[in-house]
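Chain order of the listed sequences is A and C. In terms of the working numbering, the first sequence opens at residue 17 and continues consecutively. In terms of the working numbering, the second sequence opens at residue 13 and continues consecutively. For reference, the structure is listed below as structure tokens.
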Amino acid sequence: MKLRQALIAIPLAASIAWFPSPSPSADYAGTQDRWWGPGETRAWPQRLDYANSQGLVGVLRDGPVLETRGHAFFTSLGPNGRACVTCHQPADGMSLSAATARERWSVTGGRDPLFAAIDGSNCPNLPQEKESSHSLLLGRGLIRVSLPWPPRGEDGKPLDPEFTLEVVRDPTGCNTGAVHGLKSAQPSVSVYRRPRPVANTKYTTHQNFGVLPFIGKNGLPATRDPDNGKPSAMNLMADARAATLKLQAQDAATNHLQMPAALTPAQLGEIVAFEGSLYVAQAASHTAGSLEEAGGPSGLGPDAMRKGEAGVLGNNTTRWVVPMENKWKSLPRTGDVAADARAAARESIQRGHDVYMFRTFWIRDSMHLNSVGLGNPTKRTCSTCHGMHMTGMDTANGWMDIGTTNLPWAKEEPLNPWNSSKPEMPLFKVTCKASVPPHPFLGRVIYTQDPGRALISGRCNDVGTIVMQQLRGLSARAPYFSNGSANTLREVVDFYDRRYAIGYSEQEKQDLVNFLGAL
Amino acid sequence: MKAGPLLLLFAATAQAAQPDPSLRNFVACPIVRDTASVPCWLAEYDGELYFLTLQTDVSAPVNPPWLGHRVLVEGRRSDKPRICGGIPLEPVRLSVIAEPDASCNQLLPAEDRYNLTFEPPRPPGPSAGRLAFNTLPMPTQPAAIKKEPQRYTLDYYFDGMVNFKTPFQLAPVLDMARAMPATRVEIVGYRSAALLSNGKVLQEQPDLARRRAEQVVELLKGAGLTAPQYQVRWVDASPVPNGTDDYRNRKVEITLQP
């Protein structure tokens, strides 16, 4: 991997004319402005726009200008020098792209707190100064997530899991290690996951459709907010282990910042209020121009996220997942080359929207989708799973297995005498105990890179189920999927094309990529 | 918590009545037939093709089964015109058999002659803005707080534990128990057997009555209902099946005592 290749120059000049004001911070090459470091004295404005490979991502703050100095989200609260903002950067749609991680490595010679041994390296016991010890973060944007095994119940007591867990492959050494491994004094599992966008939280934590005391996927009790006893939407983190943003913030402070003490109520309040004030979406496209022009599609751009209704179904032709009102269905051509190219790009986004909403395929053997009343297979569309209005998440309890971490669909390094690359991800063998029914689609023995929700629930049926992320600001935060296995949106679409034997035409693929890139 | 098996003797009823000739109770591989709209779900029994249900959405009273698994069909042959080439079973109950069966893998292509002659409750893509059926009311706070015992029944698929439909049945129980507030929750689990049309009897797993009952306690406690006293019983002796309404004994009864 060549680190400096990441510093892509973006041809902004040609298209700058239609960029919305305030004008973008166009520098992709890691200036102070693009990177928000812990403890800086800076003002966070109501609107930030940052360039990415597709155009601009817009970060809207619904609140006054924020002085970051002393603010809990921006302050290094533990000994490792990190703050929340280290992994949740505005230029990356409030997540962290692998390109940014590479850039930090090259700018700081690997000394940025981002690379802290605890979870910014493949395993804390590796030589930290070596680039190869951080290959998962640099290559795929992955952070080590260490979870206790067996899982703990709400009362903190160990659960009796429905399956046994063995380590089949351990390229990072962490799962078999004497200190961090499955057989250590504090048995833990290390999985490697992408940071998730910290924005649009009124959608990810809504109290609306589908939020019930019992999980709509399997009838088990939902997690609850300890402050008021209300069930949560269970859509935070890849495995829904954090019931609320407050619980999540404490978990992040303890594990990512290595903060020894608990966050104070004031710090918690500050963090959660800031998270709730941010709205992220792609704001402009190099080819299609502004995505938030007056009179344009109402579902695009960050302000649409601020205005949207939270926690309602959009897999219908009344609300839509991303309302576009067919505004870009058929645009006039003027003979002006630039304007006509923009019109063509906008029509492609609209067609991609229609592919997303209406192009059916057979969704098959996907746990918590085919098992919840639609039948296996079911002839449906992208919007069946990604159905929440505005975010394209599942409205609640959004963990499903589409094969991103479970074999045989997960991306694996081809092993042969001519390939010198080694597998990078751990591989686990899950064996469902005889006392429970087998996994309906995968049987009793499952190989997986990340058991996902099953690491929390201990349930066989949850193996490899991952809570989907919101489909907004995607262009700012490659790579995709929780294990970073898709480098580009095109690779995401190609994954689906293989996984469900969709048979998209080249045109459909391009349109779908353009649509996703404009969200 | 008091627990203990309650053994009841059920009178055998099957031998009395003549078996109803329209009953179609069987275990088979489901078959999917694509159409120009939503796919149909079919199954063969005794040389005849039956229509089970259409793909709709989670709210459907009858949800389609799964390829990769056999299905227990408990239905009644109707006189209605064929759908997708199959004789409609009405009413029909479908229970997916838990053990995978890779031989169940028939996905038939659409054929013009089998296209639907009616508008399906929901198209294969986005709906027109509602669930296809109104059988999944979103639970609300109980209309009136009751001061007399309240009884609820949770039903189950054959051999099944709680599933994606349970939340809609269980949430009102929880709401009422809190509103009352209930001082005691009485839970009785049951298990059934199914009489197939070929005369064979399919038993649910032994001990299922207990596991169903105890799971409901876990669910209610897990959802925060820890104040009331729980009284749990189960009836693991399945009644003699009659082929007509065997599903009625796949249940857990919950009584809330104020």
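Just so you know, even glycine gets a beta-carbon here, dropped at the ideal spot from N, CA and C.
With 16 or more other Cβ atoms inside 10 Å of its own Cβ, ALA254/A counts as buried. Where ASP356/A is concerned, there is no enclosing beta strand (DSSP E), although the alpha helix (DSSP H) around it starts and stops at 353 to 374. The beta-carbon separation of PRO467/A and GLY480/A, rounded to 6 Å, stays under the 8 Å limit for a contact. Annotated three-state conformation of PHE180/C is helix, per DSSP. Around the beta-carbon of ARG514/A, fewer than 16 other beta-carbon atoms lie within 10 Å, marking it exposed. The shortest C-alpha to C-alpha distance from ILE95/C to any of ARG203/C, CYS52/C, SER71/C is the one to CYS52/C. Only exposed fits PRO174/A, as fewer than 16 other CB atoms lie within 10 angstroms of its CB. With distances taken between CA atoms, GLY315/A lies nearest to GLY408/A out of ALA426/A, LYS438/A, GLY408/A, ALA470/A.
Taking ALA502/A as reference, the option from GLU428/A, LEU535/A, GLU522/A with the minimal CA-CA separation is GLU428/A. The three-state secondary structure of TYR168/C, taken from DSSP, is coil. Scanning PRO136/C, PRO251/C, GLN243/C for the CA closest to the CA of GLU265/C turns up GLN243/C. With a beta-carbon spacing of about 4 Å, GLN264/A and ALA258/A fall inside the 8 Å limit used to define contacts. Annotation for ALA269/A: the continuous alpha helix (DSSP H) segment containing it runs 261 to 271.
For PHE290/A, the enclosing alpha helix (DSSP H) has its first and last residue at 281 to 292. Sequence-distant Cβ neighbours of VAL214/A in its own chain, meaning closer than 8 Å and more than five residues away, are CYS100, HIS104, MET110, SER111, GLU291, LEU294.
Looking from the CA of PRO439/A, the closest CA among ARG77/A, GLY245/A, PRO187/A belongs to PRO187/A.
In terms of beta-carbon proximity, ASP381/A lines the interface with chain C, with at least one pair separated by less than 8 Å. Residue contact check for VAL388/A against chain C: a CB pair falls below 8 Å. Against chain C, the CB of ILE287/A has no partner CB under 8 Å away; the residue lies outside that interface.
DSSP, read as helix, strand or coil, puts ASP65/A in strand.
If you check the CB distance, ASN191/A and PRO442/A come in under 8 Å. The straight-line gap separating the alpha-carbon atoms of ASP58/C and ASP248/C is approximately 32 Å.
DSSP places PRO318/A within a helical segment (H, G or I) once states are collapsed to three. GLY201/C is outside the set of residues whose beta carbon lies under 8 Å from a beta carbon in chain A. Between ALA269/A and HIS150/A, the alpha-carbon positions lie close to 21 Å from each other.
Shown here for SER399/A: same chain residues with a beta carbon closer than 8 Å to its own, the five before and five after excluded, namely GLY330, ASN331, VAL337, TYR372, MET373, GLY408 in chain order.
Judged by beta-carbon spacing, THR84/A lies within the 8 Å limit of GLU56/A, meaning their Cβ atoms are closer than that value. Assignment of ARG380/A by DSSP, reduced to helix, strand and coil, places it in the coil class. Here ALA114/A is near ARG156/A, since their CB atoms are less than 8 Å apart. In terms of beta-carbon proximity, ASN392/A lines the interface with chain C, with at least one pair separated by less than 8 Å. HIS222/A and PRO193/C have their C-alpha atoms some 28 Å from each other. Under the DSSP assignment, TRP246/C falls in the beta strand (DSSP E) whose first and last residues are 241 to 247. Note that the C-beta distance between PRO393/A and GLU111/C is not below 8 Å. Using a C-beta cut-off of 8 Å, the stretch 118 to 137 of chain C makes no contact with the stretch 227 to 241 of chain C, since fewer than three inter-stretch Cβ pairs fall below that distance.
For ILE157/C, same chain residues with a beta-carbon under 7 Å away, outside a window of 5 residues either side, are ALA191, MET192 in chain order. Beta-bridge pairing by DSSP links CYS52/C to ARG45/C, LEU66/C.
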